Amino acid sequence: MGKRVGMEVAIAASEAVALCNIDVAAVYPITPQSHMAEHLADIIHDGRIDAEFITVESEHSSISACAGASATGARVYTATSSQGLMYMHEILPIVSAMRLPVVMGNANRAVSGPLNIWNDHTDIMPQRDSGWICMFAENGQEVVDMTIQSFKIAEHPDVMLPIVLNIDGFQLTHMIEPLEFPTQKEVNKFLPPRKPFASLHPDNPISMGCFNTPDIYAETMKAKDTALHNSKKTIVKIWKEWGKQFGRTYKPVETYRAKGADTLILTMGSMGETASIAVDELRKKGAAVGLVRLRLWRPFPLDELRAAIKGCKTLIVMDRAISFGGAGGPVGTEIKSLLYHDKGRPRIVDFIMGLGGRDVTVNDFIAMVERAKKKKDETYEYYGVRE
Amino acid sequence: MKQKKAASKAWPEKWHEINPGCMVFIPGNASTYHTGSWRAQRPEWDNKKCIKCGLCYIFCPEGCISEDAEGFFKANLDYCKGCGICAHECWPGAIKMFEEVE
Ligand code: SF4
Ligand code: SF4
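Protein sequences, first through last, are from chains G and F. Counting from 1, position 316 in the first sequence corresponds to residue 316 in the working numbering; the numbering is continuous, with no gaps. Counting from 1, position 90 in the second sequence corresponds to residue 477 in the working numbering; the numbering is continuous, with no gaps.
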């Protein structure tokens with residue numbers, strides 16, 4: 001294992017990419033991802049790695065350049081945030097439909113309007129149905145580890161799908177944390193060079209991104225959906241491999257003091273750290289409260305979630321996005337729907353909170369647990385909005 | 388699920404017979420798809436008016452117009468989709484479109 005260093009997480013994300021022997025990066029800078037873009041450009045400009053940095057005029061172009069480069073067999077990385085991700089939206093389902101293993105870091109930020117540069121998950125949720133593998137990191141070390149793991153997962157012959165790694169903007173990107181970097185030798189051992197299933201080459205012409213008529217489109221969609229569901233097996237396998245080699249284990253759903261808990265808080269991303277302190281406080285007072293962290297959002301780890309919440313009476317879902325005019329937050333809505341048929345399922349309380357960079361403190365989590373106790377129905381509710 | 392490269396010329400029937408990413412490994416296989424089945428109108432050439440400029444050949448989006456030994460042009464009706472572009476572009480008016488009748 002390499003040495004422990006203090007480093008800003010955005011910088012660390014690009015340092016992790018530099019360990020992955022990438023061929024091409026096409027990144028357009030945007031707050032709060034800018035340090036990722038700048039640092040990766042520096043690394044390539046300084047000749048620390050042998051890769052091409054394509055300077056593009058927009059995110060629509062950065063993701064398109066990535067798709068093209070990936071189709072030639074290159075290992076490709078991009079990063080973005082908020083409006084940038086929205087601008088990529090059109091190309092995202094094309095990348096997954098073409099089964100191109102592009103890896104992307106997304107520094108989660110609220111979407112306009114009104115303009116807001118701070119953290120929430122309103123940028124990634126509209127991309128939910130794009131067919132990408134979608135994961136959330138909780139701290140800087142996870143950003144480093146998961147970036148490296150992502151290339152191996154995305155390129156695996158049983159997966160061949162793009163991955164977006166969500167890194168909470170500012171709350172995570174701009175933290176300086178003590179981090180452990182694996183050595184280049186260790187990464188080389190873990191991550192072999194990409195062996196593309198097929199690639200574009202004039203000597204061996206093939207067609208990618210073909211046209212579909214009505215008599216084949218539906219079959220293609222089922223094939224894509226199945227590929228995404230099936231990827232979970234490989235994701236879990238590669239996370240286990242990582243654990244064996246580096247001693248840090250990753251699971252689709254992780255729990256903290258969840259054993260015997262009658263109330264569970266469910267979080268995604270950096271919030272889990274604060275929520276775990278709230279759990280400690282509540283446990284000290286004798287309340288049977290625990291924490292469930294959803295690391296994998298797509299493919300959705302339903303079996304793992306079921307196992308994690310077994311026996312609990314109340315599940316409090318923390319949603320940092322809202323489906324306007326709908327059934328609530330995207331995470332809460334989905335979990336309600338997935339557990340609909342389960343006998344003895346917990347009561348699900350869906351809080352919309354932490355929007356646009358609003359701090360969610362330990363006391364806030366404790367207050368939400370209190371509020372959930374009193375809540376009679378399962379309708380969603382805004383927390384912390386001034387009435 | 389192990390991914391395979393299906394090289395058969397057959398149109399995939401079931402969802403799991405589709406190549407990952409709908410990739411096509413047989414170059415030029417568009418020729419197996421007969422776009423002529425879409426045609427509602429058929430172009431006909433009047434060689435008396437034709438000046439052999441070749442514009443119809445150049446503009447045909449299906450690439451289905453070819454030149455014969457005498458330098459005149461005609462469409463391969465297996466692929467001619469009846470768009471009428473050749474007739475529109477032929478400035479001496481040598482090509483006319485006719486309704487396809489059973
Ligand atoms: S465009 Fe008209 S004139 Fe020219 S070659 Fe074709 S048919 Fe003849
Ligand atoms: S009608 Fe259209 S497809 Fe047919 S020969 Fe003319 S240009 Fe080509």
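Backbone N, C-alpha and C fix where the C-beta goes; we use that ideal spot for every residue, glycine too. For clarity, every value in this text was computed on a predicted model and none was experimentally measured.
Minimum Cα-Cα distance from tyrosine 77 of chain G among the listed residues G/Val164, G/Lys232 and G/Met86 corresponds to G/Val164.
Residues of the region 192–207 of chain G with a Cβ closer than 7 Å to any Cβ of chain F, in chain order: Phe197, Ala198, Pro205, Ile206 and Ser207. The beta carbon of alanine 16 of chain G lies closer than 6 Å to those of Val144, Thr147 and Ile148 in the same chain, with the five residues before and after it left out.
Taking a cut-off of 8 Å for Cβ pairs, the region 108–116 of chain G and the region 38–49 of chain G do not touch, as fewer than three such pairs fall below it.
The C-alpha of alanine 74 of chain G is placed about 16 Å away from the C-alpha of isoleucine 44 of chain G. Closest in alpha carbon position to aspartate 23 of chain G, among G/Ala65, G/His229 and G/Leu282, is G/Ala65. Ranking F/Leu464, F/Asp433 and F/Pro414 by CA distance to the CA of cysteine 451 of chain F puts F/Leu464 first.
Residue pairing by DSSP places aspartate 319 of chain G opposite G/Ile352 in a beta bridge. Look at glutamate 219 of chain G: its C-beta is under 8 Å from a C-beta on chain F.
By the rule that beta-carbons nearer than 8 Å mark a contact, histidine 403 of chain F touches chain G. Taking 8 Å as the cut-off, the beta carbon of asparagine 139 of chain G is found no closer than this to the beta carbon of glycine 357 of chain G. DSSP, read as helix, strand or coil, puts arginine 429 of chain F in strand. Applying a distance threshold of 6 Å between residue Cβ atoms and the heavy atoms of ligand 2 selects F/Pro430, F/Cys447, F/Glu449, F/Cys451, F/Ile452, F/Ala462, F/Cys467, F/Lys468, F/Gly469, F/Cys470, F/Gly471, F/Ile472 and F/Cys473, given in chain order.
Secondary structure note for arginine 4 of chain G: its beta strand (DSSP E) is the uninterrupted segment 4–8. Listed by position along chain F, the residues whose Cβ is nearer than 8 Å to that of lysine 222 of chain G are Trp402. By the Cβ-count criterion, histidine 201 of chain G is exposed, with fewer than 16 other Cβ atoms from all chains shown falling within 10 Å of its own Cβ. With respect to chain F, the C-beta atom of alanine 97 of chain G has a partner C-beta closer than 8 Å. The C-alpha of alanine 278 of chain G is placed about 11 Å away from the C-alpha of alanine 287 of chain G. Scanning chain F for C-beta atoms nearer than 9 Å to the C-beta of cysteine 66 of chain G yields nothing, as the closest lies near 15 Å away. Bounds of the beta strand (DSSP E) holding tyrosine 77 of chain G are 76–80. With a cutoff of 7 Å, glycine 441 of chain F counts as near ligand 1, since its C-beta is closer than that to a heavy atom of the ligand. At the C-beta level, tryptophan 242 of chain G and phenylalanine 136 of chain G stay beyond 8 Å of one another. Rounded to the nearest angstrom, the gap between the Cα atoms of arginine 306 of chain G and threonine 226 of chain G is 21 Å. In terms of side-chain proximity, the C-beta atom of glutamate 457 of chain F is found no nearer than 7 Å to any non-hydrogen atom of ligand 1.
Residues of the same chain with a CB within less than 8 Å of the CB of leucine 191 of chain G, apart from the 5 flanking positions on each side, are Cys20, Asn21, Ile148, Phe151 and Lys152 in chain order. For valine 143 of chain G, the three-state secondary structure derived from DSSP is helix. Contact check between the region 437–453 of chain F and the region 222–238 of chain G: fewer than three CB pairs, one atom from each, fall below 8 Å, which does not count as touching.
For methionine 104 of chain G, no alpha helix (DSSP H) segment is defined; the enclosing uninterrupted segment is the beta strand (DSSP E) at 103–108. Closer than 7 Å to some heavy atom of ligand 1: that describes the Cβ of glutamate 476 of chain F. Under the 10 Å beta carbon count, asparagine 106 of chain G is surrounded by 16 or more other beta carbons and is classified as buried. Counting only Cβ-Cβ distances below 8 Å, isoleucine 366 of chain G has no contacts in chain F at all, with the closest Cβ about 45 Å away.
Valine 102 of chain G is a Cβ neighbour of alanine 67 of chain G, given a cutoff of 8 Å. The beta carbon of threonine 122 of chain G sits closer than 6 Å to those of Ala110, Val111 and Ala321, all from its chain and outside the five residues before and after it, given in chain order. Taken through DSSP and simplified to helix, strand or coil, tryptophan 297 of chain G comes out as strand.
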